[in-house]
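Sequential numbering of the sequence shown, starting at 26, is according to my numbering.
Backbone N, C-alpha and C define an ideal beta-carbon position, used for all residues, glycine too.
Bear in mind the structure is a predicted one, so any value in this text is a computation, not a measurement.
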Amino acid sequence: MNKALSARLFTTIILTGAFLAGTLHASAQAAAAPAKGEAPKTAEQVFKNIQVLKGTPADQLETGMQFISNSLGVECEFCHVQGAREKDDKKTKQTARKMIEMQMAINKNHFNGDREVTCYSCHHGAERPAGVPMIAEEEPKRPQVPAEEAALPSADQIIDKYIQAVGGAESLQKITSRVQKATISFGERQFPAEVVAKAPNKRISTVHTPNGDNITAFDGQAGWLGNPGGRPPRDMNPQENEAFSFDATFYLPLEIKKMFTQLRVRPADKIGSHEVYQVIGTSPGKPPLRMFFDKVSGLLMRTIRYAESPLGRNPTQVDYAEYRLDSGIRLPFQWTVARPLGRFTIQVSEIQQNVPVDDSKFAKPAAAAPAPAEQKPPAK
Ligand code: HEC
Ligand code: HEC
């Protein structure tokens, strides 16, 4: 990724749109939320110039757009006029429309309507797909046939070992709140941050940037994002809600078995030097969640989750490291959140457990003024 692009993505991910690179403005988000008892709005009901994505849920448009950006390795402005995304001035946007139609047609005509071919199948992170196979830098590794398939433990065994590894159910439940001071690193930039969590499922993380606080919060029912620069906080879209309700699960090790209708165990490649088991959690109508547990220590090392969109799934990988013992339980003191176009690492420096935290800490503040019609990202 070139420097200028990564710098702009930094602005998108950290400064203007909280951790999820949410870049739709608040009024569109609010408009996408259906009123009680109403059918969810479609993209063309909420946005101004939808021609090929007609009929898709409005609240999936943003995830779909992120999927396109991820697949081509570009930012939104590759196709969009800043501040007027409905305009068709850029040739790339017009091409993209034809490509969306092509993707739909390929899947309909050749894959029984299953979404097998996506932008990424051809583009692989490039603006223009390569049509000629690449010559690798090194002798390519031949995939090894996994010999141990039969010898895998059950999901229950892996999760029970995880519960023991973090200190056991009893020790976990003795802790009901947690305040962590941390540093967030995004490439070479660092900001102070704070994560406050409370059982059973409240969490708020605040990144103190020079432009103001960037907040990602789950109040126990729903998530919201607070932007620096005085813009009103906005509700999370359904994909964001799904992701952050998972992050907010205070007794995660004890909840995993209840979260999914099915847990399957699969072999997996090593993570660094660690041998791991992969547990895949699935529930009807939802993308799967992959969890990777250290074979020796039993600890959770990685999760990979997916945000669904009409065009494809956006992956997010979280790597947990530096597990340390505090108040009888073992916690990761470092985690890295990685997406196709960027990553950041949180390093915890200070931890306090069982400190009183009022529920109001997690509540979305009331918006002071109506959302501005169109917002500009901060000057770069
Ligand atoms: C490769 C081109 C491309 C990229 C990159 C892209 N988009 Fe789009 N976007 C489109 C196309 C094409 C449409 C129109 C879809 C249709 O006609 O159904 C669209 C429509 C939209 C709309 C609806 C505008 C309206 O009012 O009609 C929004 C909002 C939007 N995109 C946001 C984004 C965001 C945010 C990003 C970056 C995360 C992004 N787009 C990246 C091609 C792109
Ligand atoms: C079946 C393969 C395939 C799929 C699937 C595909 N593309 Fe493409 N795309 C291409 C090829 C090949 C080109 C280059 C054409 C050329 O060089 O003239 C291209 C070019 C483009 C361009 C123009 C890039 C430029 O620099 O001008 C855009 C934008 C684009 N695709 C967007 C998308 C989007 C968005 C999707 C998913 C909805 C998608 N493509 C899916 C094969 C594909």
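Cutoff 7 Å; reference residue i; Cβ partners in own chain excluding five residues on either side
i: Ala391; result: none
i: Ser322; result: Ala190
i: Lys320; result: Glu300, Val301, Tyr302
i: Ala194; result: Ile188, Leu279
i: Pro253; result: Leu40, Thr234, Asn236, Gly237, Asp238, Asn239
Same chain, Cβ closer than 8 Å to residue i, five either side skipped, listed in chain order
i: Pro225; result: Gly245, Thr274, Phe275, Tyr276
i: Glu111; result: Phe72, Lys73, Asn74
i: Gln76; result: Arg122
i: Ala268; result: Leu45, Arg330, Ala332, Thr341
Cβ-heavy atom distance, residue i to ligand 1, below 7 Å
i: Ile125; result: yes
i: Gln107; result: no
i: Arg110; result: yes
i: Ala121; result: yes
i: Gln76; result: yes
i: Thr117; result: yes
i: Met90; result: yes
i: Glu87; result: yes
i: Lys73; result: yes
Near ligand 2: residue i beta-carbon under 7 Å from a heavy atom
i: Pro154; result: yes
i: Leu336; result: yes
i: Leu97; result: yes
i: Gln128; result: yes
i: Cys147; result: yes
i: Ile184; result: no
i: Cys144; result: yes
i: Ile93; result: yes
Cβ neighbours of residue i in the same chain (closer than 6 Å, five flanking residues each side left out)
i: His148; result: Ser96, Leu97, Pro154
i: Lys115; result: Cys104
i: Arg140; result: Asn132
i: Ala218; result: Ala207, Ile209, Val232
i: Gly337; result: Phe92, Thr143
i: Gly251; result: Ile240, Pro258
DSSP bridge partner residues for residue i (one or two, in chain order)
i: Ser96; result: For Ser96, which the question treats as bridged, DSSP gives no partner whatsoever.
i: Asn239; result: Val232
i: Ile376; result: Gln205
i: Glu219; result: Lys206, Thr231
i: Gln359; result: Ala346, Gln372
i: Ile354; result: Asp351
Output the residue ranges of the beta strand (DSSP E) runs that lie fully inside the segment 292 to 331 and measure 3 residues or longer, sorted by chain position. 301 to 307, 314 to 319
When the Cβ atoms of the segment 332 to 352 are set against those of the segment 258 to 275, are three or more pairs found closer than 8 Å? yes
Sufficient close CB pairs (3 or more, under 8 Å) joining the segment 231 to 250 to the segment 301 to 309: no
Three or more C-beta pairs closer than 8 Å, one from the segment 372 to 387 and one from the segment 189 to 202: is that the case here? yes
What are the complete beta strand (DSSP E) segments, minimum 3 residues, inside the segment 245 to 288? 248 to 251
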